[in-house]
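Novice: What follows is a structure written as structure tokens; I'll ask about it next.
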Amino acid sequence: MHSEHEYYSYMLGFAPGHAYMARFEEPFHFKRRETPRVHIPGRSIVAQLNLSNLIPFGQPCGWNIVGSTPLEICDYQKEDPFVVHAGEWVRYVPVTLREYEKIRKDVERGAYKVKSYLRQGDGAVHGKKVVK
Numbered sequence: 120m121h122s123e124h125e126y127y128s129y130m131l132g133f134a135p136g137h138a139y140m141a142r143f144e145e146p147f148h149f150k151r152r153e154t155p156r157v158h159i160p161g162r163s164i165v166a167q168l169n170l171s172n173l174i175p176f177g178q179p180c181g182w183n184i185v186g187s188t189p190l191e192i193c194d195y196q197k198e199d200p201f202v203v204h205a206g207e208w209v210r211y212v213p214v215t216l217r218e219y220e221k222i223r224k225d226v227e228r229g230a231y232k233v234k235s236y237l238r239q240g241d242g243a244v245h246g247k248k249v250v251k
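To convert, count from 1 in the sequence shown and add 119; that's this note's numbering.
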């Protein structure tokens, strides 16, 4: 359900690289948690209603954790530290645990490249990244 749609990144906020994204199809049925968690791990993918956020660092959060990414969402060792920017489209790609671990190892040794391509839409060209 979560990976079946594309999400538009409206802004980065709360923490460096923390992408706030929304989809335009039917919203999730997740409500915000009544009691926020004191800590969720960095690289978590969280959701509520039609929103999905990438959490760059461990932090408190009242949203529902729906997954995690092997990518570094914010990496200050790179010239461009953010994996997602405002104005980009994102599609989450489900992977097996074995694929996740391989991607994570590739990320750690600097060998993984985020797959991206241009998207034509609404009369304009938007950058789009496939988050895998």
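Every residue gets a Cβ at the ideal spot worked out from N, C-alpha and C, and that includes glycine.
Can you give the beta carbon distance from L173 to I192, rounded, assuming they're within the 8 Å contact cut?
Specialist: Reading the sequence shown from its first residue, position 54 is the one you call residue 173. Reading the sequence shown from its first residue, position 73 is the one you call residue 192. About 5 Å; that satisfies the 8 Å criterion.
Novice: Please name the residue, chosen from H204, G206, Q196 and E207, that lies closest to R228 on a Cα-to-Cα basis.
Specialist: Taking the sequence shown and counting its residues from 1, one reaches residue 228 at position 109. Nearest C-alpha to R228: Q196.
Novice: Roughly how many angstroms separate the alpha carbons of H245 and G206, rounded to a whole number?
Specialist: Taking the first residue of the sequence shown as position 1, residue 245 is located at position 126. Taking the first residue of the sequence shown as position 1, residue 206 is located at position 87. Any reading at H245 is ruled out, since the residue's pLDDT is 48, under 50, leaving its predicted position unreliable.
Novice: Under 8 Å, do N169 and R142 count as touching if we go by C-beta distance?
Specialist: As a working mapping, residue 169 is identified with position 50 in the sequence shown. As a working mapping, residue 142 is identified with position 23 in the sequence shown. Result yes, Cβ atoms of N169 and R142 sit closer than 8 Å.
Novice: Can you list, in chain order, the residues of its chain whose CB lies under 6 Å from that of F149, leaving out five sequence neighbours each side?
Specialist: Here residue 149 is taken as the residue at index 30 of the sequence shown, counted from 1. Hits under 6 Å: A166, Q167 and N183.
Novice: How long is the line joining the alpha carbons of R156 and P179, rounded to whole angstroms?
Specialist: If you number the sequence shown from 1, residue 156 lands on position 37. If you number the sequence shown from 1, residue 179 lands on position 60. Their backbone Cα atoms lie some 6 Å apart in a straight line.
Novice: Would you give the residue range spanned by the alpha helix (DSSP H) that I222 belongs to?
Specialist: Here the question's residue 222 lines up with position 103 in the sequence shown. Unbroken alpha helix (DSSP H) run through I222: L216 to E227.
Novice: Is the beta carbon of E125 less than 8 Å from the beta carbon of R210?
Specialist: Here residue 125 refers to the residue found at position 6 of the sequence shown. Here residue 210 refers to the residue found at position 91 of the sequence shown. Yes; because the gap between Cβ atoms is below 8 Å, this pair is in contact.
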